[in-house]
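Here my numbering = 1-based position in the sequence shown + 20. What follows is a short report on a single structure.
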Amino acid sequence: MAQYPRASQLPYRVIRGGTPSLTIEANRPDPGSPPLILVCSHLYPYKGILEFLVAFADALPHLPPGTRVRVAGADRDPVYAAAVREQVVKSDLEDTVTIGPANAEELTALYSRADLCVFPSTCENAGSFSLYDGLHAGAATISSDRSSMPEATNGATRLVNPFERKAFSAAMVQVLADSQLKEELRSRARAWSEAAPTWRWRAQELVDFVSTVSS
């Protein structure tokens with residue numbers, strides 16, 4: 021932050037000491053309450069938000085009554101953000117989908133309450149903190165099978181091709197309708213979180229590598 025003052029304007033927080041996430045695993049909703057689907061992503065063209073909305077509109081008639089969506093992210097690309105909001109109107113989802121930024125405290129609550137996290141991004145260098153936060157929170161997660169996501173999640177998520185609308189839609193319906201599948205995905209998320217590298221582990225790997233090179 022001292023070297024790059026503009027970073028203070030971004031919705032990021034330095035997490036020290038290898039703490040895996042700002043999320044907590046708590047306050048899971050009652051089985052009878054309307055499901056919450058969380059899509060945590062800024063609005064960029066490659067993030068797959070449009071693909072998600074189209075698939076979700078198809079899935080909605082088959083989902084429990086009152087199912088709602090929270091897209092937690094800022095309008096980082098104005099043209100794409102406008103297209104996303106147009107799709108919400110076109111699909112008649114204004115009463116179902118909420119889009120807007122979320123601070124760390126709200127994200128903590130959203131991850132802990134979400135029945136399902138969906139990460140439809142089509143391109144990431146090495147996964148995403150948004151994807152990882154959901155897994156650290158023990159959330160049942162559907163993620164894209166594009167780019168680095170299969171390797172980054174290592175079996176912890178239900179993988180879908182975000183460009184295959186029917187398969188994407190069916191995956192959301194199946195996970196939200198099958199409590200056993202949801203619990204299995206949560207279990208996979210917790211196992212992923214427990215095995216995830218920490219900063220201390222990364223530092224030791226670097227020390228070991230440098231020692232090998234220097235010797």
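Ideal Cβ placement from N, Cα and C applies to all residues, glycine included.
Next item on the list: Over the uninterrupted beta strand (DSSP E) stretch that includes residue 76, give me the two end residues.
Entry: Per DSSP, residue 76 belongs to no beta strand (DSSP E); it is in the alpha helix (DSSP H), 69-79.
Note to self: Once DSSP output is grouped into helix, strand and coil, what is the label at residue 179?
What the structure shows: strand
Notebook entry, point to check: Hey, residue 137 and residue 93: beta-carbon distance below 8 Å or not?
Noted result: no
Item checked: Proximity of residue 172 and residue 154 at Cβ, strictly below 8 Å -> no
Check: Can you tell which of 228, 199, 76 has the C-alpha that lies nearest to the C-alpha of residue 190?
Finding: 76
Next item on the list: With DSSP as the reference, please indicate the residues paired to residue 87 in a beta bridge.
Entry: DSSP, once it has assigned bridges, lists no residue as partnering residue 87.
Notebook entry, point to check: What is the residue span of the alpha helix (DSSP H) that residue 63 lies within?
Noted result: Where residue 63 is concerned, there is no enclosing alpha helix (DSSP H), given that its DSSP letter is neither H nor E.
Margin query: Quick check: residue 206 and residue 159, are their CB atoms within less than 8 Å of each other?
Written below: yes
Check: Helix, strand or coil for residue 163 per DSSP?
Finding: strand
Checklist line | Residue nearest to residue 167 in terms of C-alpha spacing, selected from 156, 161, 157, 180 | finding: 180
Notebook entry, point to check: Roughly how many whole angstroms lie between the Cα atoms of residue 221 and residue 230?
Noted result: 14 Å
Next item on the list: Helix, strand or coil for residue 120, going by three-state DSSP, please let me know.
Entry: strand
Next item on the list: Please check the pair residue 82 and residue 193, which I expect to be a contact at CB under 8 Å, by giving their CB distance rounded to whole angstroms.
Entry: 5 Å
Next item on the list: Return the residue from the list 129, 65, 80, 110 that minimises the CA-CA distance to residue 98.
Entry: 65
Note to self: Once DSSP output is grouped into helix, strand and coil, what is the label at residue 92?
What the structure shows: strand
Notebook entry, point to check: To which residues does DSSP link residue 137 through a beta bridge?
Noted result: 58, 161
Margin query: Can you tell me whether residue 154 is helix, strand or coil according to DSSP?
Written below: helix
Next item on the list: Pull up the distance between the alpha-carbon of residue 151 and that of residue 128, whole angstroms please.
Entry: 13 Å
Checklist line | CA-to-CA distance, residue 227 to residue 80, given in whole angstroms | finding: 51 Å
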